[in-house]
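Q: Just passing along the structure, written as structure tokens.
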Amino acid sequence: MTIQAAFTLIINTLGPLQGNREAANIAHIVIEHITGMGRMDRVIYKDKLLSPAQEEQLQQALNALLKHEPVQYVTGKAWFYGLEFTVNRNVLIPRPETEELVEWIVKDTHTPVKILDIGTGSGAIPIALKKDLPAATVWSVDVSAGALEVASQNATQLNLNVHFEQIDILDTTATHSLPLFDIIVSNPPYICESEQKDMEEQVIAYEPRIALFVPDNDALLFYRQIGLLAKEKLVPGGLLYFEINEAFGKEVVALLEKQGFKNVILKQDLYTKDRMVRGEN
Numbered sequence: 001m002t003i004q005a006a007f008t009l010i011i012n013t014l015g016p017l018q019g020n021r022e023a024a025n026i027a028h029i030v031i032e033h034i035t036g037m038g039r040m041d042r043v044i045y046k047d048k049l050l051s052p053a054q055e056e057q058l059q060q061a062l063n064a065l066l067k068h069e070p071v072q073y074v075t076g077k078a079w080f081y082g083l084e085f086t087v088n089r090n091v092l093i094p095r096p097e098t099e100e101l102v103e104w105i106v107k108d109t110h111t112p113v114k115i116l117d118i119g120t121g122s123g124a125i126p127i128a129l130k131k132d133l134p135a136a137t138v139w140s141v142d143v144s145a146g147a148l149e150v151a152s153q154n155a156t157q158l159n160l161n162v163h164f165e166q167i168d169i170l171d172t173t174a175t176h177s178l179p180l181f182d183i184i185v186s187n188p189p190y191i192c193e194s195e196q197k198d199m200e201e202q203v204i205a206y207e208p209r210i211a212l213f214v215p216d217n218d219a220l221l222f223y224r225q226i227g228l229l230a231k232e233k234l235v236p237g238g239l240l241y242f243e244i245n246e247a248f249g250k251e252v253v254a255l256l257e258k259q260g261f262k263n264v265i266l267k268q269d270l271y272t273k274d275r276m277v278r279g280e281n
């Protein structure tokens with residue numbers, strides 16, 4: 001099978017399920033992963049034959065994709081903030097909206113700072129911050145050992161120094177040893193259990209539930225707990241940043257104001273959805 005034939009096979013297989021445009025996007029990702037060739041090389045060498053091992057890899061990828069496994073898990077790679085991250089089912093796939101949160105923090109930061117990221121997952125937020133704020137000292141915590149293994153691997157691969165620790169942020173005794181920070185940022189679990197019915201199958205079936213869902217009767221669980229921690233661990237004038245569920249923007253603002261944060265700002269993403277909140281200690 002040639003490279004062009006493999007590309008066509010992916011589109012013909014996935015097109016009826018996802019549409020030809022999305023199938024083509026996936027085909028580009030998969031073929032580049034299998035061959036190591038960029039788009040231009042794949043045009044020039046479109047008649048180059050895949051090896052038997054590459055054909056087997058292609059078939060395994062197609063089988064996984066037909067079961068709705070995200071292409072990022074199939075290839076083990078995802079791009080975020082111009083960086084290539086290793087991902088697997090221990091971590092969420094980084095989203096473009098979260099890049100806007102990183103950009104907001106970078107724009108606000110003009111001096112060397114100490115940053116704490118809570119719920120690191122793949123390490124996307126702290127590693128991206130360290131990339132653009134090289135003078136910053138960056139810490140990151142997660143409850144999942146599997147996620148921390150992925151995050152540490154990404155920091156090593158990208159040659160960016162981030163300090164990782166396994167901490168359950170809901171365990172108040174576990175957070176006592178944390179030092180003071182200038183900035184605390186978190187993209188915590190914020191999807192209500194009842195919202196599952198409206199979500200894509202590939203998210204529900206493959207991405208880690210612990211990083212996604214909160215109980216319907218306590219949607220602000222993590223915002224409340226992290227807010228309390230931030231009041232204790234932020235220096236005076238320190239900043240707390242959150243990514244939020246678009247349905248609870250006003251509620252998160254009200255919560256932070258009740259906890260004593262000043263100048264609380266609700267910010268929309270590029271899709272004009274309430275997506276980020278910042279408060280000052």
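Read in full-length UniProt numbering, the sequence shown has 56 at position 56, and its numbers run on one by one without any break.
No residue lacks a Cβ here, since even glycine has one placed at the ideal position from N, Cα and C.
Quick caveat, the model's predicted, so the values are computed rather than measured.
1) The beta strand (DSSP E) spanning P236 covers which residue range?
2) Assuming L239 and R209 form a contact by the criterion Cβ under 8 angstroms, report the distance between their Cβ atoms to the nearest whole angstrom.
3) To the nearest angstrom, how far is it from the Cα of Q225 to the Cα of I169?
4) Residues in its own chain within less than 6 angstroms of I3 by CB, not counting five upstream and five downstream?
5) If we ignore side chains and look at the alpha-carbon of each, how far apart do G260 and M40 end up?
6) If we count Cβ pairs, one from each stretch, closer than 8 angstroms, do we get three or more for the segment 133-145 versus the segment 107-122?
7) Classify A247 as helix, strand or coil using the three-state DSSP reduction.
8) Check each candidate in V185, G121, D132, L133 and name the one with the smallest Cα separation from S152.
9) Whole-angstrom Cβ separation of F80 and A124, contact assumed at under 8 angstroms?
10) Counting Cβ pairs, one atom from each stretch, are 3 or more of them under 8 angstroms apart for the segment 262-276 and the segment 242-253?
11) So, at 6 angstroms on beta carbons, what are the nonlocal neighbours of L178 in its own chain, with the 5 sequence-adjacent residues on each side left out?
12) If you measure between the beta carbons of G15 and A23, is that distance less than 8 angstroms?
13) What residues match up with I265 in a beta bridge as DSSP calls it?
14) By DSSP, does H68 sit in helix, in strand, or in coil?
15) Have a look at H28, I44, Q18 and flag the residue whose alpha-carbon is nearest the alpha-carbon of T8.
16) Go through the segment 68-100 residue by residue and report every complete run of the alpha helix (DSSP H) that reaches 4 residues or more, in order.
17) Bridge partners of D117, per DSSP?
18) Using a Cβ distance threshold of 8 angstroms, determine whether the segment 103-110 contacts the segment 125-135, with at least three qualifying pairs required.
19) Please work out which residues of its chain come closer than 8 angstroms, Cβ to Cβ, to P215, disregarding the five sequence neighbours upstream and downstream, and give them in chain order.
20) My output table needs one value for T2: the three-state DSSP class, helix, strand or coil.
21) Report, in whole angstroms, the separation of the C-beta atoms of L129 and I105, which I expect to be a contact under 8 angstroms.
22) With L212 and P189 assumed to form a contact (beta carbons below 8 angstroms), what rounded beta-carbon distance in angstroms separates them?
23) Answer yes if the segment 199-208 comes into contact with the segment 63-76, meaning at least three C-beta pairs across the two stretches below 8 angstroms, and no otherwise.
24) Per DSSP, what are the beta-bridge partners of I191 in this structure?
25) Using a Cβ-Cβ cut-off of 6 angstroms (strictly less than) and excluding sequence neighbours within five positions of H33, which residues of its own chain qualify?
26) Identify the residues that DSSP records as bridge partners of H163: which are they?
27) In this structure, does DSSP put L17 in helix, strand or coil?
A: Taking the geometry as given:
1) 234-243
2) No, L239 and R209 are not in contact; Cβ-Cβ is about 30 angstroms, not under 8 angstroms.
3) 8 angstroms
4) R42, K46, K48
5) 55 angstroms
6) yes
7) helix
8) G121
9) 5 angstroms
10) yes
11) K233
12) yes
13) R278
14) coil
15) H28
16) 71-75
17) S140, V185
18) yes
19) C192, E193, L221
20) strand
21) 6 angstroms
22) 6 angstroms
23) yes
24) F213
25) T75
26) W139
27) helix
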